[in-house]
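Under the working numbering, think of the first position of the sequence shown as 98, with each following residue one higher.
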Amino acid sequence: MSTKISLKKYLKFKQIIVFLALFASLIFATKTLPQSINLENVILNTSNKNVSIQIFLDIIDPKKLHKIIKHNKFQIVFSYHVEIQKKVRFFFDKTVFSRDREWSICFNPINNKFSLRRKNKQIYSTDSLDKLLDKIRTITLKLPIWTTPTGKEKYDLILKFGLKKKVPYWIEKTLFFWNFNITPPSEYHIDFKF
Numbered sequence: 098m099s100t101k102i103s104l105k106k107y108l109k110f111k112q113i114i115v116f117l118a119l120f121a122s123l124i125f126a127t128k129t130l131p132q133s134i135n136l137e138n139v140i141l142n143t144s145n146k147n148v149s150i151q152i153f154l155d156i157i158d159p160k161k162l163h164k165i166i167k168h169n170k171f172q173i174v175f176s177y178h179v180e181i182q183k184k185v186r187f188f189f190d191k192t193v194f195s196r197d198r199e200w201s202i203c204f205n206p207i208n209n210k211f212s213l214r215r216k217n218k219q220i221y222s223t224d225s226l227d228k229l230l231d232k233i234r235t236i237t238l239k240l241p242i243w244t245t246p247t248g249k250e251k252y253d254l255i256l257k258f259g260l261k262k263k264v265p266y267w268i269e270k271t272l273f274f275w276n277f278n279i280t281p282p283s284e285y286h287i288d289f290k291f
């Protein structure tokens, strides 16, 4: 009887050790991923009865992207999310503008060219990945004015960027626990008055 109890304790101890090892590996794995999309500059212009936002990105380590796209034959999805929220004092902030966009970065080994696609339409094609990345480094948005500007209302500009491997939708939903991100998503908040 004592061997059964010690065997149960041993198995329980082994399960705890395996769980702690998996938990530690997840923590350290997320810390080692590099940040590869940085916000370089944002220009917010509120003239001529519209709001224009110009976002300049710094994509760090394009050689890593080149290796992933060319040698591993993956398509990369570059996505961004821009949102403007009106700050409310006692309740949740009110979203006044929101936009999501995705571009696919592909490599064609037959003609040895990189291409930028949006909704399965080719937008740009070139021999150099650096030239292609220059096309997505600057994002320009023109928004209609949603209210009469007073200069006293507080708003929050939320910017999110990410790079991930393109996989079919059903695989992404089936393997919901799997991380398809190449880099961790970047998120920035900028407060302004309008």
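Glycine included, C-beta positions come from ideal geometry on N, C-alpha and C.
By alpha-carbon positions, which one of the options ends up nearest to residue i?
i           : options               : result
residue 182 : 275, 253 and 288      : 253
residue 256 : 195, 271 and 208      : 195
residue 287 : 163, 136 and 197      : 136
residue 193 : 242, 282 and 270      : 242
residue 164 : 258, 226, 251 and 147 : 226
residue 285 : 291, 258 and 264      : 258
residue 138 : 213, 144 and 154      : 154
residue 217 : 149, 151, 263 and 111 : 263
residue 237 : 140, 277 and 221      : 140
residue 230 : 278, 206, 282 and 160 : 160
residue 206 : 166, 185 and 114      : 166
residue 245 : 186, 148 and 162      : 148
Which partner residues of residue i appear in the DSSP bridge assignment?
i           : result
residue 200 : 175
residue 223 : 211
residue 185 : Residue 185 pairs with nothing; no bridge assigned.
residue 247 : Answer is none; residue 247 lacks a bridge partner.
residue 218 : 215
residue 278 : 261
Report, in whole angstroms, the separation of the C-beta atoms of residue i and residue j, which I expect to be a contact under 8 Å.
i           : j           : result
residue 260 : residue 280 : 5 Å
residue 223 : residue 239 : 26 Å between Cβ atoms; not a contact.
residue 188 : residue 250 : Rounded, the Cβ-Cβ distance is 15 Å, inconsistent with contact.
residue 197 : residue 178 : 5 Å
Following the continuous alpha helix (DSSP H) through residue i, name the residue where it begins and the one where it ends.
i           : result
residue 271 : 266-271
Could you tell me the boundaries of the beta strand (DSSP E) in which residue i lies?
i           : result
residue 288 : 283-290
residue 253 : 251-262
residue 153 : 147-156
residue 239 : 235-241
residue 140 : 134-142
Item to check | At least three beta-carbon pairs within less than 8 Å, the stretch 161-178 to the stretch 198-206 | outcome: The stretch 161-178 is in contact with the stretch 198-206.
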